[in-house]
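Protein sequences, first through last, are from chains A and B.
Final position of the first sequence in the working numbering is 348; the numbers increase by one with none missing.
Final position of the second sequence in the working numbering is 1254; the numbers increase by one with none missing.
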Amino acid sequence: MYKKAQKVVVVLLLGLLATAFMAGCSGKSENSEVKLDEGLETIRVAKQFGLVYAPLMVAEKKDFFSKYGLNVQWKTLGSGGAVREAMAANELDAAFMGIPPFLIGCDKGVEAKIAAGYTVSPVSLVTYDPLIKSVKDFKPEHKIALPSPGSIQHILLAMELEKVMGDPNALDDNLVALPHPDGAQAMLSKKDIVAHFTTPPYLFEELSKPGYHMVLDGFDAFGGDFNFNVALVTQQYHDNNPKGYAAFVMGLNDVMNWVNENKEETAEILAPEFKIEKEKLLEYLESDGMNYTTAPYGIMGFANFMKESGYISKIPEDLQDIAWENVLAQIGKREGKPSTMEKIQWAK
Amino acid sequence: MRRLFSKVFFILTVACIWEAVKAIGGYSDLLLPGVMSILRSLWLERIQIFHMTLFSLQIIGIGLLVAIVLAICATILAFSGRIFSEIITDVLAILHPLPGIAILPIAILWFGIGTKSILFVIIFSAVWPLINHFYTGFRSIPANQLEVGRNLGLSGLKLGRDIMLPASFPHILGGIRTGWARAWQASVAAELVFGAAGGNGGLGWFLYKKRFMMETPGVFAGMLVIVLIGIAVEYIVFTWVEINTVRKWKTIIN
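This is the structure in structure tokens:
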């Protein structure tokens, strides 16, 4: 009796398995139909949310890549960590992230290099506590929000701490990892955190409130300009799709230039996306320090410090280890003393 | 001895399969770290892992204790009137399927981004299975056992201690087991999502940090510790309680 019941259960489960299998197969065949874009190169690109992604959002809205024969599949991912993991898993061909997270990824074996600089943007540590004037004034109970460990904000803070207090990890126990919007919300309600290391538009929003002031300017901590993000393309895509790669870089340049020439129209297109008024968005786009550029700035500057502080195990030997040929050509290689363009890739 | 041997054998087999998959697939340490690099990471981070484990255990302990007290109160309420019993059954049906982590955004709004939020999520995750098991446990006491007890002249507290508690204890124990598992899941999940607050963090925060540094061996090391604690609690605490209660009383078969 018991044996018979067992057999019935097995048959039943096998039937279920077969049904699930068939459902899985039919799902797959539907998916493959989408990809039939004849003659176009395809690239899978991750984007995130924030003012710095404005050119990418314009590129998507106004379709800047198709005239170069490139079909972009935009993927929206929640965090920089997820973007890097998707790259490692070969789910993405291109992505945008800060230089420090990229260096960490490089160090851990993610095979991608810089295809373009992507904007220069203010990034600063803000507080509402009038007693905090420098990073030395933080007490153990003061919580500082930043997006994640290993983010550009974290490394900039560590660089400043190394300079001022001789210990890059002096405030590690004060850190809270919060996405920018959550951090801004906590800051404005003066709840839980006293300081926030953030970027526009959250930075501008916080600084525009009375009593909120800047503790640390990212450019000061770094000692010069640096790309807030860099555009990365994987080794695999770069080597196997030279046309797609060229189209991606050209489209990026095109849209970046368009945004610089048409800030007002950019604000008009993106105001509904950011859910703020057009005028306010224009003000943010035109605010001091924002530079919509694809030129490389300070792309080697974080490496030394990150090696010394143990965030990465080895320093890239040469720019060639972290950047593709179009970026290398932009920087150039002056005989004799290094050129201006070469000098600004390192931090002071 | 044989059981110990079979367990060691099992672990070694898993380690061998693991290494074989890594070797055959040609995976890098980033995608699938080797057993040795996981153990090395565990050793290098032992002090931090120890502190974070203590923190996790402490917060889960508090959360579970509060959840048990709440569940006992709710069960008492459910047995003190038909209306309460119906209300609690309805509330259970609504809230039990809701994953604890789903209320994290609300928890952050109400309690901020500190330990309080994580505690709230833990309590929320553990309390519903606890109530469910407690309630079912006392409901499913066989009527004939109660009658026998009464015929033997037991009543009141004595009836509760000698008949009702042993009869419902398998359910109570099951509830605490589920509650413990849910509390662990909730604490790790909550810290993974919003990253805990500064120096105070448990193993979820450890995983979070390792993830953002792309130290996959560290991520696996953290998971290993979570698994080991789960096994330790299961085999040491719960098995001990089981042997000394329901098995001794013979309410469940060996």
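Idealized CB from N, CA, C, for every residue including glycine.
DSSP places Asp318 (chain A) in the coil class of the three-state scheme, outside both helix and strand. Residues of the segment 1014-1033 of chain B with a Cβ closer than 8 Å to any Cβ of chain A, in chain order: Ser1028, Asp1029, Leu1030 and Leu1031. Within a 10 Å sphere around the beta-carbon of Phe1055 (chain B) sit 16 or more other beta-carbons, which makes this residue buried. Taking Asn229 (chain A) as reference, the option from A:Val58, A:Leu125, A:Phe302 and A:Val126 with the minimal CA-CA separation is A:Phe302.
B:Pro1170 is the residue among B:Pro1170, B:Thr1216 and B:Glu1191 whose C-alpha sits nearest the C-alpha of Tyr1135 (chain B).
Look at His238 (chain A) here: in three-state DSSP terms it is helix. Distances from the CA of Ile312 (chain A) to each of A:Thr19, A:Lys7, A:Asp107 and A:Ala86 were compared; the closest alpha carbon is that of A:Asp107. Across the set B:Val1233, B:Leu1207 and B:Gly1202, the C-alpha of B:Gly1202 shows the shortest separation from the C-alpha of Gln1058 (chain B). Not a single C-beta of chain B is nearer than 8 Å to the C-beta of Arg44 (chain A).
Distance from Ser121 (chain A) to Pro200 (chain A) at the Cβ level is roughly 6 Å; contact confirmed, criterion being Cβ atoms closer than 8 Å. Separation of the CB atoms of Leu156 (chain A) and Val194 (chain A) is rounded to 18 Å, and the pair is thereby denied contact status at 8 Å.
Within the same chain, Ala46 and Val83 come within 6 Å of Leu77 (chain A) by CB-CB distance, once the 5 residues on both sides are set aside. Beta-carbon to beta-carbon, Ala145 (chain A) and Val249 (chain A) are separated by about 35 Å, too far to satisfy the 8 Å threshold. Closer than 8 Å to the CB of Met1052 (chain B) there is not a single CB belonging to chain A. A distance of 8 Å or more separates the beta carbons of Val1066 (chain B) and Leu1173 (chain B).
With the criterion set as a beta carbon lying under 8 Å from some beta carbon of chain A, the members of the segment 1088-1120 of chain B are Ile1108, Gly1112, Ile1113 and Gly1114, in sequence order. Counting the other CB atoms within 10 Å of its CB gives Ile1049 (chain B) a total of 16 or more, which places it among the buried residues. Within the model, the alpha-carbon separation for Ile1087 (chain B) versus Phe1120 (chain B) is close to 22 Å. Sixteen is the threshold: since fewer than 16 other Cβ atoms of the shown chains lie within 10 Å of the Cβ of Val1008 (chain B), the residue is exposed. Rounded to whole angstroms, the gap between the alpha carbons of Phe96 (chain A) and Phe305 (chain A) is 22 Å. Using a Cβ-Cβ cut-off of 8 Å, Val176 (chain A) counts as an interface residue toward chain B, since at least one Cβ of chain B sits closer than that to its own.
With its beta carbon less than 8 Å from one in chain A, Tyr1208 (chain B) belongs to the interface. Annotation for His1096 (chain B): Trp1128 place their beta carbon closer than 6 Å to its own, counting only its chain and skipping 5 residues before and after. The beta-carbon of Phe1124 (chain B) is placed no less than 8 Å from the nearest beta-carbon of chain A. In this structure, the alpha-carbon of Tyr292 (chain A) lies about 13 Å from that of Ala231 (chain A). CA-CA distance, Ala1189 (chain B) to Met1223 (chain B), rounds to 12 Å.
For the pair Leu1077 (chain B) and Asn1132 (chain B), the CB atoms are not nearer than the 8 Å cut-off.
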